[in-house]
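Chains as they are written, first to last, in the UniProt record's numbering: chain A, 1 to 306; chain B, 1 to 282.
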């Protein structure tokens, strides 16, 4: 089992290296001089140019530049935004908490709602209604959900603040907006998993032992249904990260999304690259965690890998 | 020869259940295509501003109301179909084309190249589409072209993976080994024997992918990264209307509803075709 874990971590490291390299190549492929790309819309003075050349080793051979970039990235040094005159790590670090709050709240809401939907809508017609609702939610642009929620709950009834991140109440609508599509997909996956698990012999045995249908469902079938659900964890992270960019814009929240958009708009490449590498790192960590979670949920896998 | 079934059984087997959802999806797609083909037939000038009729609620004269410049929202939504859908179609064409080429290469070459390509597809497919598109736009600059290419690249892995899987099956098929035995040239083998048999699932996949592309395109142009303001693109309209949400919900919600209706229709019909194709009951 330790070998399996080591392999997962090694392949995660390879993906990270590939992401960092791809980001670097993207920078090289950008039209124009690399120094111009790094400055973006920032102040273009000889001092700044000299600073960039020194920090990115642009006066050294290409191999050295690349290896040095990797070495710095591995140490967590993501470079410096010449536009904001601050280290990128600081810029991102400042904006990370609100985005994390949003992502965690949305994931919690989405997962709980999906579990409730999958377990409670077992009857035929309820299930049809729920499936249709899930299809509609999944096909709706998240920003539209956000705008509808805003116009109903903030403008019409004034229950929640319109924008900002001052209070917990301001977190409710963005988290619901971001969590709904997650719940939509996850509920479908869980429901399929439950259907399959309830057909298995162990479900019959459990029923024969006199367990109520609810107990069979929650105590026995759900554990099996969780396995395919864990598979979509990686996808879920992507939805959270990508969705957060748009949702933050809809609700005027500070966060990574605002930083990224501003960086894209101003051509602040160091920040854009850092966000991409950071997203890749999150993706790798979540997927590795998901693979390890299989072992936790399914004891059978533990036996075969050891 | 067919088995003689009792008529009642035969009728039950062949009877089509009415499918209101499917009919609605077909209707929406038909309307969307009509709007793409002949927008001027259904709607007036999308850019005609009327300062005397600013932010009016939906009425008989203005079905979808008017926006902050007094432009008719219905006219803009109808004309927007061409903008939004053409971005989606162009991005899907890029994704399908690149997917076929890369998938074929991965499936035929095998070995290290296949491994590298497949890991690349995996990583690209799992990475947030929006961030990927943002990275591309940061490098190539904003504009409709980079929007299209960005979405195309970001959605390539879906198609590439399917083509690769199909290629792995087809290359084992007897007709391929026979063609090799007959000394057919490599290029001809790939183009005449492998490629046509690999393409089966692609149209359906492209249809579902189109829905996704329209959705991302609307999201990115909502962020201001697509067609710029006066253009009646759906996502851009939403973003303009966002500022007036407190007094005029229709200026942003109704263009958004157009995106939703189109995407749901594409998904419903795509899934139905997929089930047909795979022989599952819909």
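C-beta atoms are modelled at their ideal positions from N, C-alpha and C, and glycine is treated no differently. Being a predicted model, the structure only gives us computed values, none of them experimental.
Buried versus exposed, by CB contacts within 10 Å (16 or more), residue i
i, result
"residue 69 of chain A", "buried"
"residue 151 of chain B", "buried"
"residue 146 of chain B", "buried"
"residue 275 of chain B", "exposed"
"residue 269 of chain B", "buried"
"residue 209 of chain B", "buried"
"residue 306 of chain A", "With a pLDDT of only 43 at residue 306 of chain A, under 50, the local geometry of the prediction cannot be trusted, and no value is derived from it."
"residue 50 of chain B", "exposed"
"residue 283 of chain A", "buried"
"residue 130 of chain A", "buried"
"residue 233 of chain B", "buried"
"residue 3 of chain A", "exposed"
"residue 9 of chain A", "exposed"
"residue 7 of chain A", "exposed"
Cross-chain neighbours of residue i in chain B, by beta carbon under 7 Å
i, result
"residue 249 of chain A", "223"
"residue 241 of chain A", "128 and 131"
"residue 234 of chain A", "126"
Collapsed DSSP secondary structure at residue i in the structure displayed
i, result
"residue 118 of chain B", "helix"
"residue 49 of chain A", "helix"
"residue 141 of chain A", "coil"
"residue 86 of chain A", "strand"
"residue 311 of chain A", "Residue 311 of chain A falls outside the range modelled here, since chain A spans only 1 to 306, and no answer is possible."
"residue 174 of chain A", "helix"
"residue 59 of chain B", "coil"
"residue 7 of chain A", "helix"
"residue 66 of chain B", "strand"
"residue 253 of chain A", "coil"
"residue 130 of chain A", "helix"
"residue 221 of chain B", "helix"
"residue 163 of chain A", "coil"
"residue 81 of chain A", "strand"
"residue 201 of chain B", "coil"
"residue 121 of chain A", "coil"
"residue 282 of chain B", "Bear in mind that the predicted position of residue 282 of chain B carries a pLDDT of just 40, short of 50, making it unreliable; the figure below should be weighed with that in mind. The answer is coil: DSSP assigns residue 282 of chain B none of H, G, I, E or B."
Interface residues of chain B facing residue i [CB-CB closer than 9 Å]
i, result
"residue 261 of chain A", "134, 223, 224 and 225"
"residue 30 of chain A", "138, 139 and 140"
"residue 136 of chain A", "260 and 264"
Chain-ordered neighbours of residue i on chain A, where CB pairs are closer than 7 Å
i, result
"residue 118 of chain B", "Simply none; closest approach about 12 Å."
"residue 286 of chain B", "Chain B is shown only over 1 to 282; residue 286 of chain B falls outside these bounds and no answer can be derived."
"residue 252 of chain B", "147"
"residue 145 of chain B", "What residue 145 of chain B touches in chain A: nothing, since even the nearest Cβ is about 13 Å away."
"residue 65 of chain B", "Within 7 Å Cβ-Cβ: nothing; residue 65 of chain B doesn't reach chain A, min ~13 Å."
Endpoints, alpha helix (DSSP H) assigned at residue i
i, result
"residue 216 of chain A", "From DSSP, residue 216 of chain A is part of no alpha helix (DSSP H); its letter is neither H nor E."
"residue 166 of chain B", "144-170"
"residue 175 of chain B", "174-181"
"residue 197 of chain B", "195-198"
"residue 74 of chain B", "73-109"
"residue 240 of chain B", "234-242"
"residue 151 of chain A", "That residue, residue 151 of chain A, is in no alpha helix (DSSP H); it is neither H nor E in DSSP."
"residue 71 of chain A", "62-74"
"residue 157 of chain A", "That residue, residue 157 of chain A, is in no alpha helix (DSSP H); it is neither H nor E in DSSP."
"residue 223 of chain A", "222-231"
"residue 277 of chain B", "250-277"
"residue 33 of chain A", "Per DSSP, residue 33 of chain A belongs to no alpha helix (DSSP H) and is neither H nor E."
"residue 270 of chain A", "269-297"
"residue 131 of chain B", "129-140"
"residue 22 of chain B", "20-37"
Amino acids of chain B, ordered along the chain, whose beta-carbon sits closer than 8 Å to that of residue i
i, result
"residue 246 of chain A", "130, 219, 222 and 223"
"residue 21 of chain A", "Per Cβ cutoff of 8 Å: no residues; residue 21 of chain A is ~11 Å from chain B at best."
"residue 18 of chain A", "119, 120 and 123"
"residue 150 of chain A", "245"
"residue 267 of chain A", "138"
Nearest residue (CA-CA) to residue i, options the options
i, options, result
"residue 255 of chain B", "B:116, B:74, B:39 and B:122", "B:74"
"residue 195 of chain A", "A:164, A:144, A:118 and A:160", "A:118"
"residue 276 of chain A", "B:131, B:189 and B:62", "B:131"
"residue 153 of chain B", "B:127, B:201, B:237 and B:114", "B:127"
"residue 197 of chain B", "B:55, B:223, B:162 and B:183", "B:162"
"residue 83 of chain A", "A:290, A:14, A:267 and A:291", "A:267"
"residue 62 of chain A", "A:78, A:28, A:100 and A:91", "A:28"
"residue 149 of chain A", "A:179, A:134, A:126 and A:5", "A:179"
"residue 177 of chain A", "A:191, A:145, A:168 and A:160", "A:145"
"residue 148 of chain B", "B:168, B:48, B:174 and B:219", "B:219"
"residue 250 of chain A", "A:143, A:205 and A:18", "A:143"
Proximal residues of chain A, C-beta to C-beta of residue i below 8 Å
i, result
"residue 215 of chain B", "139 and 141"
Within chain A, partners of residue i - CB distance below 9 Å
i, result
"residue 242 of chain B", "143, 147, 150, 249 and 250"
Scan the segment 171-183 of chain A for residues whose Cβ lies nearer than 7 Å to a Cβ of chain D and list them as they occur along the chain.
-> Although the question refers to chain D, the structure presented lacks it and instead comprises the protein chains A and B.
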